[in-house]
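Position one of the sequence shown corresponds to residue 1 (the UniProt record's numbering), numbered consecutively onward.
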Amino acid sequence: MKGLYFQQSSTNEEITFVFQERENLPVTEDNYVKLQVKACALSQINTKLLAEMKMEKEFFPVGREVAGIVLDGKCTDRRILPLDSEDPGLCEAVRVHEHYLVHKPEKVTWTEAAGTIRDGLRAYTALHYLSHLSPGKSVLIMDGASTLGTIAIQLAHHRGAKVISTACSLEDKQFLERFRPPIARVIDVSNGKAHVAESCLEETGGLGVDIVLDAGVRLYNKDDEPAEKLQLLPHKHDIITLLGVGGHWVTTEENLQLDPPDSHCLFLKGAAVAFLNDEVWNLSNVQQGNLFQLRILKDVMEQLSTGVFRPQLDEPIPLYEAKVTMEVVQKNQGRKKQVVHF
Numbered sequence: 001m002k003g004l005y006f007q008q009s010s011t012n013e014e015i016t017f018v019f020q021e022r023e024n025l026p027v028t029e030d031n032y033v034k035l036q037v038k039a040c041a042l043s044q045i046n047t048k049l050l051a052e053m054k055m056e057k058e059f060f061p062v063g064r065e066v067a068g069i070v071l072d073g074k075c076t077d078r079r080i081l082p083l084d085s086e087d088p089g090l091c092e093a094v095r096v097h098e099h100y101l102v103h104k105p106e107k108v109t110w111t112e113a114a115g116t117i118r119d120g121l122r123a124y125t126a127l128h129y130l131s132h133l134s135p136g137k138s139v140l141i142m143d144g145a146s147t148l149g150t151i152a153i154q155l156a157h158h159r160g161a162k163v164i165s166t167a168c169s170l171e172d173k174q175f176l177e178r179f180r181p182p183i184a185r186v187i188d189v190s191n192g193k194a195h196v197a198e199s200c201l202e203e204t205g206g207l208g209v210d211i212v213l214d215a216g217v218r219l220y221n222k223d224d225e226p227a228e229k230l231q232l233l234p235h236k237h238d239i240i241t242l243l244g245v246g247g248h249w250v251t252t253e254e255n256l257q258l259d260p261p262d263s264h265c266l267f268l269k270g271a272a273v274a275f276l277n278d279e280v281w282n283l284s285n286v287q288q289g290n291l292f293q294l295r296i297l298k299d300v301m302e303q304l305s306t307g308v309f310r311p312q313l314d315e316p317i318p319l320y321e322a323k324v325t326m327e328v329v330q331k332n333q334g335r336k337k338q339v340v341h342f
């Protein structure tokens with residue numbers, strides 16, 4: 001039985017993906033079940049986090065967002081494998097603790113289930129737990145045509161919020177303009193001419209937005225930033241400017257640096273900054289993290305089944321193409337979610 005693993009060079013710079021033969025799964029332990037994998041989504045591997053958590057191995061399993069069938073026939077489930085799981089999701093079968101399983105509604109396909117797990121979890125964490133989304137609030141979703149941005153917009157609309165979004169290309173702009181219910185304003189930042197802060201203040205009557213979910217920010221002056229980052233990402237000062245009183249800025253920038261004037265401006269607005277860490281539930285207290293993660297994943301499946309969530313999925317690929325595709329995903333070169341179908 002083959003599984004996909006990644007191997008990191010001694011310099012921690014180069015990653016290679018390899019298929020390896022796995023031994024048959026051991027006899028199922030108490031509270032563990034054998035899951036026949038039907039679909040597995042591909043996401044970037046955070047090698048820096050693995051190093052910080054002392055979880056580096058010569059070969060590390062790939063694929064943690066899986067949907068499949070419990071072979072003992074109890075139920076059909078999908079979930080995220082633990083960060084320290086020894087089983088790759090890109091394999092025919094995996095062992096999973098029964099308390100980590102969530103039922104998949106019949107209306108939801110294997111591909112949809114696996115392809116929405118991570119972005120659904122991230123969107124709920126950002127908008128529900130970190131920024132307390134509620135009806136009537138205004139929300140700025142940066143790069144709304146990304147896989148995370150799409151789910152975040154749909155969740156915000158479902159909760160009755162007013163949504164503003166940025167588009168990184170003409171194709172993204174056209175995609176966002178087709179949203180139903182419609183997005184209040186789509187800001188095209190691809191040509192470098194649109195000013196995000198001014199557009200948001202204009203849309204909110206000068207009040208500023210209540211919640212910002214960024215897709216990265218510029219921290220330095222123009223001369224110190226790469227050209228691509230300079231064009232598509234707002235400066236941290238722009239985000240602070242467009243925040244309203246009591247606003248929440250949820251950032252994906254783990255190296256965010258705020259100078260004293262930035263902090264003072266946030267203080268005057270009574271605003272808050274929160275960091276969106278994909279692995280926060282896996283890294284928290286085991287019981288607490290699993291409880292919150294399962295609550296979110298159950299809700300994600302419900303929203304998928306009712307049509308609230310419509311994820312951006314690429315065409316499913318077979319297992320033998322996973323190695324090449326994962327190399328593309330690791331370089332963050334894809335726009336749609338890649339899912340391996342078994």
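Glycine is no exception: its CB is placed at the ideal position from the N, C-alpha and C atoms.
**Item:** Residue span of the alpha helix (DSSP H) that contains Val250, given as start and end
**Value:** Taken as a continuous stretch (DSSP letters only), Val250 belongs to no alpha helix (DSSP H), being part of the beta strand (DSSP E) at 243 to 251.
**Request:** Below 8 Å on the Cβ atoms is my guess for Leu242 versus Val196; work out the distance and round it to an integer in Å.
**Result:** 7 Å
**Asked** Rounded to a whole number of angstroms, what is the C-alpha to C-alpha distance between His157 and Ser165?
**Response** 12 Å
**Request:** Would you mind stating whether Thr251 and Phe275 have Cβ atoms separated by less than 7 Å?
**Result:** yes
**Request:** Could you check the C-alpha separation between Lys323 and Val66 for me, to the nearest Å?
**Result:** 17 Å
**With 16 other Cβ atoms within 10 Å as the buried cut-off, status of Leu170** = The residue is exposed, with fewer than 16 neighbouring Cβ atoms inside 10 Å.
**Message:** Between Leu127 and Leu148, how many whole angstroms is the CB-CB distance? I'm expecting something under 8 Å.
**Reply:** No, Leu127 and Leu148 are not in contact; Cβ-Cβ is about 11 Å, not under 8 Å.
**Message:** Contact between the stretch 128 to 143 and the stretch 104 to 115 is defined here as three or more beta-carbon pairs at a separation below 8 Å; is this criterion met?
**Reply:** no
**Request:** Tell me where the alpha helix (DSSP H) around Ala123 begins and ends.
**Result:** 110 to 124
**Request:** State yes or no: is the C-beta of Val300 within less than 7 Å of the C-beta of Trp249?
**Result:** No Cβ-Cβ contact shorter than 7 Å links Val300 with Trp249.
**Message:** Given this structure, state the Cα-to-Cα distance separating Val209 from Asn277, to the nearest angstrom.
**Reply:** 22 Å
**Request:** Just list the alpha helix (DSSP H) runs in the stretch 162 to 223, keeping only unbroken ones of 4 residues or longer that don't cross its boundaries, in chain order.
**Result:** 170 to 177, 196 to 203
**Request:** Please go through the same chain and pick out, in chain order, the residues whose beta-carbon is closer than 6 Å to the beta-carbon of Ala215, but skip the five residues on each side of it.
**Result:** For Ala215, where only same-chain residues beyond five positions count, the Cβ hits under 6 Å are Met142, Asp143.
**Request:** State the start and end residues of the unbroken alpha helix (DSSP H) segment that holds Ser263.
**Result:** 260 to 269
**Message:** Alpha carbons only, please: which of Gln257, Cys168, Asn282 is nearest the one belonging to Lys236?
**Reply:** Gln257
**Cβ-based burial, Asp259 [other Cβ within 10 Å; buried from 16]** = exposed
**Request:** Pick out whichever of Val102, Ala93, Asn31, Phe17 has its Cα sitting closest to the Cα of Gln293.
**Result:** Val102
**Asked** Mind checking whether Lys337 and Leu313 have CB atoms under 7 Å apart?
**Response** Here Lys337 is near Leu313, since their CB atoms are less than 7 Å apart.
**Prompt:** What's the call for Thr204, buried or exposed, on a 16-neighbour Cβ count within 10 Å?
**Reply:** buried
**Message:** Here's a check: name, in chain order, each residue in its chain whose Cβ is nearer than 6 Å to the Cβ of Thr306, leaving out the five neighbours to either side.
**Reply:** none
**Request:** Please state if the CB of Leu90 and the CB of Gly63 are separated by a distance shorter than 7 Å.
**Result:** yes
**Item:** Nearest candidate by alpha-carbon position, reference Phe17, set Val339, Pro311, Gln330, Val340
**Value:** Distances from the alpha-carbon of Phe17 to those of Val339, Pro311, Gln330, Val340 put Gln330 closest.
**Message:** Please return the same chain residues whose Cβ sits closer than 6 Å to the Cβ of Leu71, not counting the five positions on each side in sequence.
**Reply:** Lys34, Gln36
**Residue from Val340, Asn332, Arg295, Tyr32 whose Cα sits closest to the Cα of Glu98** = Here the closest residue by C-alpha is Tyr32.
**Message:** Give me, in chain order, the residues of the same chain whose beta-carbon lies closer than 7 Å to that of Arg122; leave out the 5 immediate sequence neighbours on both sides.
**Reply:** Leu148, Leu276, Asp278
**Request:** Just confirm the distance between the C-beta atoms of Ile183 and Ile153, as a whole number of angstroms; I'd bet it's less than 8 Å.
**Result:** About 7 Å separates the beta carbons of Ile183 and Ile153, which is inside the 8 Å limit, making them a contact pair.
**Prompt:** What's the call for Ala271, buried or exposed, on a 16-neighbour Cβ count within 10 Å?
**Reply:** buried
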